[in-house]
Amino acid sequence: MKFTCKIKNLDAYLLILHNGVFDQKSIRHFAPPKGVKIIPCRDTRPCVSTENTGNFRIEITPNTIVEKPLQLINVIDTVEPLDVVHAFEIVVGQGSSLSLIHCDESMNNVKNTIQTNVSIELKSHSSLQYYNLQNINNHSTLNNQTEVKQHEHSRLISHTYTLNGKILNKHQHIDFTEEYANSDVQGLYLLDKNQDCFHRIRLNHNQPNGRSNQLFKGILDDSARAHFEGYVFVEKHAQKTEALQNNKNLLLTDKANVQTHPFLEIYADDVKCSHGATIGQLDEDALFYSRTRGIPEKQAKTLLMYAFAHDVVRNVHLEPLREYLENLIKRRLNGENITCENCVFSCVR
Amino acid sequence: MLTIKNLHANIGEKEILKGLNLQVNAGEVHAIMGPNGTGKSTLASVVAGREKFIVTQGSITFNGKNLFDLSVEERAAEGIFIGFQYPVEIPGVSIANFMRTAVNEQRRYRGLDPMPIFEFQAMMEEKQKIVELTDKLAGRSVNEGFSGGEKKKNEIFQMAMLEPKLAILDETDSGLDIDALRIVANGVNKLKRPDNATVVITHYQRLLDYIVPDFVHIMYDGKIVKTGDKTLALELEDKGYDWIKS
Ligand SMILES: Nc1ncnc2c1ncn2[C@@H]1O[C@H](COP(=O)(O)OP(=O)(O)OP(=O)(O)O)[C@@H](O)[C@H]1O
Ligand SMILES: [Mg+2]
Numbered sequence: 010m011k012f013t014c015k016i017k018n019l020d021a022y023l024l025i026l027h028n029g030v031f032d033q034k035s036i037r038h039f040a041p042p043k044g045v046k047i048i049p050c051r052d053t054r055p056c057v058s059t060e061n062t063g064n065f066r067i068e069i070t071p072n073t074i075v076e077k078p079l080q081l082i083n084v085i086d087t088v089e090p091l092d093v094v095h096a097f098e099i100v101v102g103q104g105s106s107l108s109l110i111h112c113d114e115s116m117n118n119v120k121n122t123i124q125t126n127v128s129i130e131l132k133s134h135s136s137l138q139y140y141n142l143q144n145i146n147n148h149s150t151l152n153n154q155t156e157v158k159q160h161e162h163s164r165l166i167s168h169t170y171t172l173n174g175k176i177l178n179k180h181q182h183i184d185f186t187e188e189y190a191n192s193d194v195q196g197l198y199l200l201d202k203n204q205d206c207f208h209r210i211r212l213n214h215n216q217p218n219g220r221s222n223q224l225f226k227g228i229l230d231d232s233a234r235a236h237f238e239g240y241v242f243v244e245k246h247a248q249k250t251e252a253l254q255n256n257k258n259l260l261l262t263d264k265a266n267v268q269t270h271p272f273l274e275i276y277a278d279d280v281k282c283s284h285g286a287t288i289g290q291l292d293e294d295a296l297f298y299s300r301t302r303g304i305p306e307k308q309a310k311t312l313l314m315y316a317f318a319h320d321v322v323r324n325v326h327l328e329p330l331r332e333y334l335e336n337l338i339k340r341r342l343n344g345e346n347i348t349c350e351n352c353v354f355s356c357v358r
Numbered sequence: 003m004l005t006i007k008n009l010h011a012n013i014g015e016k017e018i019l020k021g022l023n024l025q026v027n028a029g030e031v032h033a034i035m036g037p038n039g040t041g042k043s044t045l046a047s048v049v050a051g052r053e054k055f056i057v058t059q060g061s062i063t064f065n066g067k068n069l070f071d072l073s074v075e076e077r078a079a080e081g082i083f084i085g086f087q088y089p090v091e092i093p094g095v096s097i098a099n100f101m102r103t104a105v106n107e108q109r110r111y112r113g114l115d116p117m118p119i120f121e122f123q124a125m126m127e128e129k130q131k132i133v134e135l136t137d138k139l140a141g142r143s144v145n146e147g148f149s150g151g152e153k154k155k156n157e158i159f160q161m162a163m164l165e166p167k168l169a170i171l172d173e174t175d176s177g178l179d180i181d182a183l184r185i186v187a188n189g190v191n192k193l194k195r196p197d198n199a200t201v202v203i204t205h206y207q208r209l210l211d212y213i214v215p216d217f218v219h220i221m222y223d224g225k226i227v228k229t230g231d232k233t234l235a236l237e238l239e240d241k242g243y244d245w246i247k248s
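Protein sequences appear in the order of chains A and B. In terms of our numbering, the first sequence opens at residue 10 and continues consecutively. In terms of our numbering, the second sequence opens at residue 3 and continues consecutively.
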C-alpha cells in the first residue's frame, strides 16, 4: 500500500501509521534527519519509563534544530467499524526545536472511534510547533488526548483544527514544571449539521514566570454543538505568571449551541491573568457595509467568517501549512463538505 | 439619474424622513446641509438600502430603475456609492481582499469576467495615489485602527476603485485636517466625469470652496426646505439655521 498524502509545497519528513499501527515499512523508508530518533515499541509494552504506553517515541537529541517539519499521518481504512488507537511520545531535547504535523485521516466511510494519545515533553530551552488536524469521515468519533510537560524556557505552539468528524473530543493538559515556560495554545472549530465538539484545556502554571495564551474560536452552523472548558491554574508560588484565555464563538443559526466555561484558579498574587468568552452573531454593520460595496450577502458573510477564523490560522508559522489551511477553511465556509470522499490531503492509494 | 419623490421613512415608530424630494442629474454636484439629527445620514442609508429604515411612502428611481426592487449589493453594482459618516471596521479583512471581492462581484453583476490580478494591483496603486493613501494603510484590515481622517480617505479610495455613477458622501470632510481636506476634495474632483454625479453632505461651507456644488439644499426636519446655488451655503454660514427654522 502506498500513500502520498501531501500538503502542497510542504517539504516534510513523512511518517505513516496504518489504522493506528506504526507502519514498519514506512519507518524503513524513513531516513530520519540527524538528531531525530524514531523508536518503535512492541505491542503495548511501555515504551519508556514514563507511565504512558506508546506505539513509538520520537526523540530529538539535544541541540538539534530540525529544519524540515515532521508529518505524521494515521491512515484509517478499516472495513468494519472498529476502534483505532494510537499513542506516541515526543521528547524534544534541551535546546532543540521541531515542527510536527499530526493528522488522522480516514479513507473509509464506517463509524470508527479513533483514540489518539500524545505525550510531549519539552526539555529546557527547547521548542515545539505542534499542529493537530484531522480529516475523518462524518460518522466517526475522535478522542484526542494530549499531555505536555514543559521545562525551563521551553516554548510550545499548539494548534488544533476541527473541520470534520461526528464527535470530537480534544483534551489538552499542559504542565509547567519549571520556570519561564511559554505556551500558545490555539484552536479553531468549524462545525455544522449535528457535529459535536468538546475542548477541554487544562493549563497548570506550577512555576513562576510562565506565560500562556489560549485562543479558541469556533463557527457553528445548523444544529452543531460545541463545548469549551478552559482551566487555568496558577500555583501559589507561580509569581509573575501571565495567563490569557479567550474563547470566541459565532453562531449562524438558533439551533447551534455553544457552552463556554472558563475556570481560573489563581493562588499567586503577582500575576497577569485574563479570560474572555463571547458568543455572538456576525456583525450586522460590517455586513451592511460590505454589501454597499457590491459584495452579495452570502459572500459578505463568508468574508466575515473567514476573517474571524483567520485570527487563529494567521499564527501558523509553516507557510505551506497556513496556505493549505486557509484554502481548506475557505472551502469549508463556502459550504463544501470536506470528507474523505474528496480527500483534502489528495491521498493516492 | 436619481429621482426621489415624497420620501417618508421610519425607524421603529419614529418618522425621520417626512416627504423628501431630490433630483440629481448626471454631471452635477449637489450639497446637502442641515442641522444635526435632521435625517441626512438616514437619507443616505435609505438610498443604500439599509433594512432597518422602513419606507412608508414615496419613490426612488435610479437610472429608470425602482430602487426598492434592488438589494443593497445590487444598488451598489448599479453604481451607487455611499461614503459613510462612520465607516465600519472589519478586522481580519484586508483592504486589498475587500476591494478585490467588491470589484469582481460588481463586474460579475454586469456580466464581466473577474479583473486579472495584475490589472487589479495596478489599479489599487493608481487609486491609492489619488487620495495619498500609503501602502502601509492599504495592507491593513478595513478601517481597523484607522484614525478618523484615515477612514475618510479610505472611503474616497474605495469610491475611486468602484467608479460609481452616483456617490453620496456623508460628512466625508468632518474630522479632516486642512491637508487631508484638500486631498479628499481633490480626489472627488479628479473622479468627476460628465456621466457621474456627487452628493456631498456637509456642515461646512469650507468644503464647498474645494468641491464647488451646482446646487445647495438645506434639509430640515426630514425634508429639503430650500434649494439654491453655492451662494446659499454662504448665506447659511452667515445667518445660521434659525433663519430656516422660522
Ligand atoms: N437606529 C436608530 N434608532 C433610533 N433613532 C435613530 C436611529 N438612527 C437615527 N435615528 C434618529 O434619526 C434622526 C436622524 O438621524 P440622522 O443620523 O439621519 O441625522 P443627520 O442629519 O445625519 O445628523 P448629523 O448631522 O448629526 O450627522 C435622529 O434624531 C436620530 O437620533
Ligand atoms: Mg449624519
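Where is the CB? At the ideal position from N, CA and C, for every residue including glycine. What you are looking at is a predicted structure, and each value in this text was computed from that prediction instead of being measured.
query: Interface flag, I304(A) vs chain B, CB-CB below 8 angstroms; result: yes
query: Inter-residue Cα distance where the pair is I180(B) and D211(B); result: 12 angstroms
query: Short CB-CB distance (under 8 angstroms) between E237(B) and chain A; result: no
query: Beta carbon nearer than 7 angstroms to a non-hydrogen atom of ligand 3; result: For the structure depicted, ligand 3 is absent and the ligand set comprises only ligand 1 and ligand 2.
query: Straight-line gap, H182(A) to R211(A) (C-alpha atoms, nearest Å); result: 5 angstroms
query: Separation of V194(A) from M3(B), as counted between CA atoms; result: 56 angstroms
query: Chain B contact residues for D320(A), given Cβ-Cβ distances below 7 angstroms; result: G94
query: Proximity test, I62(B) beta-carbon vs ligand 1 heavy atom, cut-off 7 angstroms; result: no
query: Q204(A) versus E53(B): straight-line alpha-carbon distance, rounded; result: 33 angstroms
query: CB-CB length for L312(A) against T63(B), believed under 8 angstroms; result: About 31 angstroms separates the two Cβ atoms, so there is no contact after all.
query: Near-chain A residues of the region 120-152 of chain B - C-beta to any C-beta below 7 angstroms; result: none
query: P118(B) to N99(B) span [Cα, whole Å]; result: 14 angstroms
query: Beta strand (DSSP E) runs wholly inside the region 275-358 of chain A, at least 3 long, in chain order; result: 280-289
query: Test: I6(B) CB closer than 8 angstroms to a CB of chain A; result: no
query: Nearest neighbour of I69(A), chosen from L109(A), K245(A), H319(A) [CA to CA]; result: L109(A)
query: For Q159(A) and T125(A), believed in contact at Cβ under 8 angstroms, the rounded distance; result: About 20 angstroms separates the two Cβ atoms, so there is no contact after all.
query: Helix, strand or coil at Q248(A) [DSSP, three-state]; result: coil
query: Cβ neighbours of G51(B) in the same chain (closer than 6 angstroms, five flanking residues each side left out); result: V74, R77
query: CA nearest to the CA of C282(A), picked from K307(A), E306(A), Q308(A), A247(A); result: A247(A)
query: Minimum Cβ-Cβ distance from V227(B) to chain A less than 8 angstroms; result: no
query: Short CB-CB distance (under 8 angstroms) between C56(A) and chain B; result: Low per-residue confidence applies at C56(A): pLDDT is 45, beneath 50, and the placement is therefore not dependable enough to give any value.
query: Beta-carbon proximity of A233(A) to L200(A), cut-off 8 angstroms; result: yes
query: CB contact check: T174(B) to chain A, cutoff 8 angstroms; result: no
query: N38(B): CB within 7 angstroms of a non-hydrogen atom of ligand 1; result: yes
query: Local Cβ density within 10 Å of L114(B), reported as buried at 16 or more and exposed below that; result: exposed
query: Min CB distance F225(A) to chain B below 8 angstroms; result: no
query: Per-residue DSSP class, three states only, for D113(A); result: strand
query: Euclidean distance between Cα positions of K228(B) and K247(B); result: 11 angstroms
query: Listed by chain order, chain B residues near A295(A) by CB distance under 8 angstroms; result: V90, E91, I92
query: Close beta carbons around F207(A), own chain, < 6 angstroms, minus the five adjacent residues each side; result: N178, H236
query: Beta-carbon proximity of I213(B) to A46(B), cut-off 8 angstroms; result: no
query: Classification of I74(A) by the beta-carbon crowding that lies within 10 angstroms, buried from 16 upward; result: exposed
query: Buried versus exposed call for G344(A) [16 or more other C-beta atoms within 10 Å across all chains shown]; result: exposed
query: Cβ-based contacts, 8 angstroms cut-off: residues of the region 155-167 of chain B near chain A; result: Q160, L164
query: Interface flag, V74(B) vs chain A, CB-CB below 8 angstroms; result: yes
query: Short Cβ contact (8 angstroms threshold) for D216(B) with V49(B); result: no
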